[in-house]
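For reference, the structure is listed below as structure tokens.
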Amino acid sequence: MDKTININLGGILFQVDEEAFRILRDYLQAINNRFAHLQGGHETIEDIESRIAEIFQSQKGSAGAVTKENVESMIGIIGKPEDFDQGWPDQPGPSISSQKKRMFRNPEDKIIGGVCSGIAAYLDSDPVLFRILFVLFTAFFGVGFFVYLGLWIALPEARTDSQKRSMYGNNYNPGKSDRKTDENSLVVSTANYISGYTSSSKLGNAINEVFRALGRVFYIVLRIFLIIFGVALVLTGFLAILLFVIVFIIRYPGAFSFDSSGVNLIYLKDFLNYIVNPAAVPWIIILSTITFILPMLALIYWGVKMIFWFRARDGVVSLVALVVWVMSIAALSIIGFNEGISFAETGKTTIETVLPKSQDTLYVMTDKKIADLKYDKQFSLPHEQYSVFLNDQKKELYIRTYFAVERSDDKLRRIEIRKRSAGHTESEAVNKTDGLIFNYSIKGDTLFMDEYFTCPAGRKWSADNVGIKLYIPTGTIIKFEKNPRVLLHSSFRNEDDDYLESSWESRNSVWAMTDNGLEPVTEHSSKQK
Amino acid sequence: MDLENNKAQMRKGILEYCILSVLSRNSCYASDIIKELKEAEVIVVEGTLYPLLTRQKNAGLLSYRWEESQQGPPRKYYELTEEGRKYLTELDKSWQELVESVNLIRTR
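Same order as they appear, the protein sequences are chains E and W.
When we follow numbering that gives the first Met the number 0, the leftmost residue of the first sequence carries the number 0, and every step to the right adds one.
When we follow numbering that gives the first Met the number 0, the leftmost residue of the second sequence carries the number 0, and every step to the right adds one.
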């Protein structure tokens with residue numbers, strides 16, 4: 000009776016002998032472990048504590064220290080937590096103790112996530128062994144680290160008594176047997192788990208301490224890493240959704256056009272009406288929204304979870320979301336396939352016309368210009384210079400033509416109009432090209448042509464394109480309209496030969512066909528001629 | 000067959016019914032309930048009672064108020080709610096039925 004400790008129990012101050020205190024502390028800890036995780040558990044714990052105080056008071060009055068005998072008789076009255084089972088229907092009775100063993104994370108002996116001691120409990124082994132193994136394997140390209148993370152996520156924590164029971168399997172000894180063997184020790188359930196499985200050697204204990212210290216450092220580093228990662232996830236998801244809203248819902252003009260020829264996604268939805276069966280359009284919109292938004296929401300949610308490190312019963316919701324997502328992708332694929340087969344084959348028609356020739360210079364003038372369509376909705380594919388303009392009133396599509404100039408093998412000037420479309424079959428595709436309207440006319444040495452061709456109302460867009468190729472013999476001068484820059488930059492493109500395209504970059508409006516191909520003619524040299 | 004286990008299971012089944020019955024006569028402290036239940040040998044250790052009281056309170060069958068006591072901190076004074084009374088009536092009925100069923104089988 001050398002030392003007493005003051006404790007506050009149920010609002011009353013008690014002096015407790017040192018030995019009595021140890022027993023009492025273990026007992027309260029056991030009660031806490033038993034109820035803390037249950038609904039209303041804290042209230043139960045408080046009630047029991049007040050009752051303990053009441054018993055001590057009735058035994059001692061307010062004078063003198065609480066002795067070991069007081070504590071033991073109190074425990075005799077209130078009972079050990081494992082004896083409470085009698086009135087706790089949620090808990091399986093002790094008779095069902097031979098449960099199937101399962102692997103859990105062990106919250107009672109953990110350094111980081113309790114994975115190692117969980118495995119050890121499952122295999123009736125020492126956690127130190129697995130801790131060393133994980134550290135060793137982390138040296139191999141971090142294998143141990145990732146396996147640990149994976150197990151941490153995959154294994155549930157043993158929180159309830161029954162889970163702990165199945166974690167330890169048949170080796171689990173709830174207090175009773177212990178009481179028989181050691182009458183003095185009132186170490187209760189929690190301590191039992193630990194005593195059985197972590198009573199490692201002294202060396203083991205030392206190693207465990209080192210791991211515990213390392214574990215704390217690791218844990219902090221991991222938390223920082225997770226928070227940064229979580230913030231990145233939340234930002235990514237949030238920005239992606241924001242962009243989606245800006246582009247498709249607010250339809251902020253130019254939100255997605257990086258330059259004049261860049262893609263302009265805001266009209267994708269309108270354009271959709273011309274590409275696919277109109278009945279499928281709402282479905283495509285809904286399904287693609289789900290396909291895109293759901294993963295972004297998941298990113299945000301994971302991010303928030305990582306930042307605040309909370310647990311949630313989100314298994315069912317996540318599963319439902321995943322199923323919905325997979326199903327929308329599947330449905331989208333089916334619709335896409337159905338629509339896609341109408342683009343399966345391409346077909347082309349080519350018409351070649353010989354141009355009259357009265358002098359060396361050929362003039363090329365644009366008739367209808369794309370610039371005049373600027374108030375219409377535009378949908379462009381980047382880098383393809385494939386621009387489609389929607390006319391909502393006329394329900395027509397205007398599409399930019401390709402243009403190229405090549406050397407002709409004979410002395411003739413020729414113009415070749417090549418129309419391409421897609422269809423189920425090649426012959427269908429060829430038939431479809433008839434519907435494309437491209438206007439050009441020839442007056443003397445001047446060629447007038449539109450910058451675009453028309454896909455008339457009621458005709459579904461079929462990846463149509465129209466290419467114009469001018470074949471001119473060597474020595475021919477070709478002179479474009481006053482301001483060829485617009486044309487050169489965006490509408491003139493060689494379908495097959497890329498070398499021409501780079502030469503078109505020059506802002507020259509006068510070109511000459513030489514044996515080496517088309518070359519720019521400066522004003523100076525043209526005056527000389 | 001484990002006789003003790005069987006008896007414990009039976010007691011367990013009627014324990015909540017007993018608590019409500021005790022409180023139906025008059026409101027009282029937890030220790031009063033314990034005393035009655037112990038006398039009737041329905042419970043062995045007191046710890047059994049507390050989680051049940053918390054649960055019945057959370058289920059709205061019981062309510063409590065704090066009462067000052069002469070020799071210590073205030074104590075919880077439990078009483079049945081209206082819902083608790085209805086619940087008890089139902090339990091009374093099913094207990095009656097149970098007793099009749101068992102008697103019917105035993106005396107056949």
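Even for Gly, the Cβ is constructed at its ideal location relative to N, Cα and C.
Just so we're clear, the structure is a prediction, and the values are computed from it rather than from any experiment.
Whose Cβ in chain E lies nearer than 7 Å to the Cβ of residue i?
i: W:LEU87; result: Within chain E, no residue comes near W:LEU87; the closest Cβ sits about 17 Å away, beyond 7 Å.
i: W:ARG54; result: GLY39
Taking its Cβ as the centre, do 16 or more other Cβ atoms sit within 10 Å of residue i, making it buried, or is it exposed?
i: E:PHE378; result: buried
i: W:TRP133; result: Residue 133 of chain W cannot be examined here, being either before or after the span of chain W that is shown, 0 to 107.
i: E:ILE467; result: buried
i: W:ALA39; result: exposed
i: E:GLN38; result: exposed
i: E:ALA138; result: exposed
i: E:GLY9; result: buried
i: E:LYS175; result: Residue placement at E:LYS175 cannot be trusted, given a pLDDT of 36 that sits under 50; what the coordinates show is reported in the next sentence. Classification for E:LYS175: exposed.
i: E:SER194; result: Interpretation of E:SER194 is limited by its pLDDT of 38, a score under 50 that renders its predicted location unreliable; the figure taken from the coordinates is listed afterwards. Exposed: under 16 other Cβ atoms inside 10 Å.
i: E:ILE227; result: exposed
i: E:LYS478; result: buried
i: E:SER259; result: The predicted position of E:SER259 is uncertain, since its pLDDT is 46 and thus under 50; no value can be drawn from it.
i: W:ASN4; result: exposed
i: E:ILE51; result: buried
i: E:SER97; result: In this predicted model, E:SER97 has a pLDDT of only 44, less than 50, meaning its place in the structure is not dependable; the value taken from the coordinates is given anyway. Exposed.
i: W:ALA7; result: buried
i: E:GLN56; result: buried
i: E:ASN69; result: buried
i: W:SER177; result: With chain W running from 0 to 107 in the structure shown, residue 177 of chain W is simply not present.
i: E:LEU122; result: exposed
Name the DSSP beta bridge partners of residue i, please?
i: E:LYS347; result: E:ARG419
i: W:SER62; result: W:GLU78
i: E:TYR362; result: E:THR445, E:LYS478
i: E:VAL387; result: E:PHE378, E:ILE398
i: E:GLY511; result: Per the sequence shown, residue 511 of chain E should be read as Ala rather than Gly. Paired residue(s): E:ILE476, E:GLU518.
i: E:GLU405; result: E:TYR470
i: E:PHE13; result: E:ILE6
i: E:VAL353; result: E:ARG413
i: E:ILE529; result: Chain E is shown from 0 up to 528; residue 529 of chain E falls before or after that span and cannot be answered.
i: E:ALA69; result: The sequence given here places Asn at residue 69 of chain E; Ala does not occur at that position. Answer by DSSP bridge pairing: none, since E:ASN69 is not bridged.
i: W:TYR28; result: W:TYR76
i: E:VAL429; result: E:VAL429 pairs with nothing; no bridge assigned.
i: E:ARG222; result: In DSSP, E:ARG222 forms no bridge with anything.
i: E:ASN464; result: E:ARG419
i: W:ARG84; result: Paired residues: none, contrary to the question.
i: E:ARG104; result: E:GLU156
Could you list which residues in chain E have their beta carbon closer than 8 Å to that of residue i, in chain order?
i: W:GLY46; result: ILE30, ILE47, ILE77, GLY78, LYS79, PRO80, ASP82, PHE83
i: W:ALA29; result: ASP46, ARG50
Please list the partners that residue i has in chain W, where partner means a Cβ-to-Cβ separation under 7 Å.
i: E:THR43; result: TYR49, PRO50, THR53
i: E:GLU156; result: None at all; the shortest Cβ gap to chain W is about 22 Å.
i: E:GLU208; result: Correct list: empty, because the minimum Cβ distance to chain W is about 35 Å.
Quick one: list the residues of chain W neighbouring residue i, beta-carbon separation under 9 Å, in chain order.
i: E:PHE34; result: TYR49, PRO50, THR53
i: E:GLU17; result: Simply none; closest approach about 25 Å.
For residue i, which residues in chain W fall below 8 Å Cβ to Cβ?
i: E:GLU71; result: Those within 8 Å of E:GLU71 in chain W number zero; the least Cβ separation is about 13 Å.
i: E:GLU68; result: Near E:GLU68 there are no residues of chain W at all, since even the closest Cβ is about 18 Å away, more than 8 Å.
i: E:GLU338; result: Chain W residues near E:GLU338: none, gap ~57 Å exceeds 8 Å.
List, in chain order, every chain E residue whose beta-carbon is nearer than 9 Å to that of residue i.
i: W:ASN57; result: GLN38, GLY39, GLU42
Taking 8 Å as the threshold (beta carbon to beta carbon), is residue i in contact with chain B?
i: E:LEU148; result: Here the protein chains are E and W, and chain B is not one of them.
Practice task
Specify whether the segment 332-346 of chain E and the segment 418-430 of chain E touch according to this definition: at least 3 beta carbon pairs, one from each stretch, less than 8 Å apart.
Solution key: yes
Handout entry: Completely contained alpha helix (DSSP H) runs for the segment 268-331 of chain E, where each covers 4 or more residues
Key = 280-307
Practice task
Count the C-beta pairs between the segment 99-119 of chain E and the segment 71-82 of chain E that are closer than 8 Å, then say yes if the count reaches three, no if not.
Solution key: no
Handout entry: Runs of alpha helix (DSSP H) lying entirely within the segment 115-161 of chain E, each at least 4 residues, in chain order
Key = 126-137, 142-153
Exercise for the section: Mind listing, in chain order, the continuous beta strand (DSSP E) runs of no fewer than 3 residues lying wholly within the segment 27-52 of chain E? Expected result: none
Exercise for the section: Please confirm if the segment 348-358 of chain E is in contact with the segment 406-420 of chain E, defined as three or more CB-CB distances below 8 Å between the two stretches. Expected result: yes
Exercise for the section: Inspect the CB distances between the segment 47-62 of chain W and the segment 72-84 of chain W and report whether three or more fall short of 8 Å. Expected result: yes
Exercise for the section: Please determine if the segment 215-235 of chain E and the segment 304-323 of chain E are in contact, where contact requires at least 3 C-beta pairs separated by less than 8 Å. Expected result: yes
Practice task
May I ask you to verify whether the segment 511-522 of chain E touches the segment 11-20 of chain W, counting CB pairs closer than 8 Å and requiring at least 3?
Solution key: no
Handout entry: Segment contact flag, the segment 353-365 of chain E with the segment 318-332 of chain E, C-beta cutoff 8 Å, min 3 pairs
Key = no
Exercise for the section: Kindly confirm or deny that the segment 201-216 of chain E and the segment 269-278 of chain E touch, where touching means at least three C-beta pairs closer than 8 Å. Expected result: no
Practice task
Specify whether the segment 29-45 of chain W and the segment 84-91 of chain W touch according to this definition: at least 3 beta carbon pairs, one from each stretch, less than 8 Å apart.
Solution key: no
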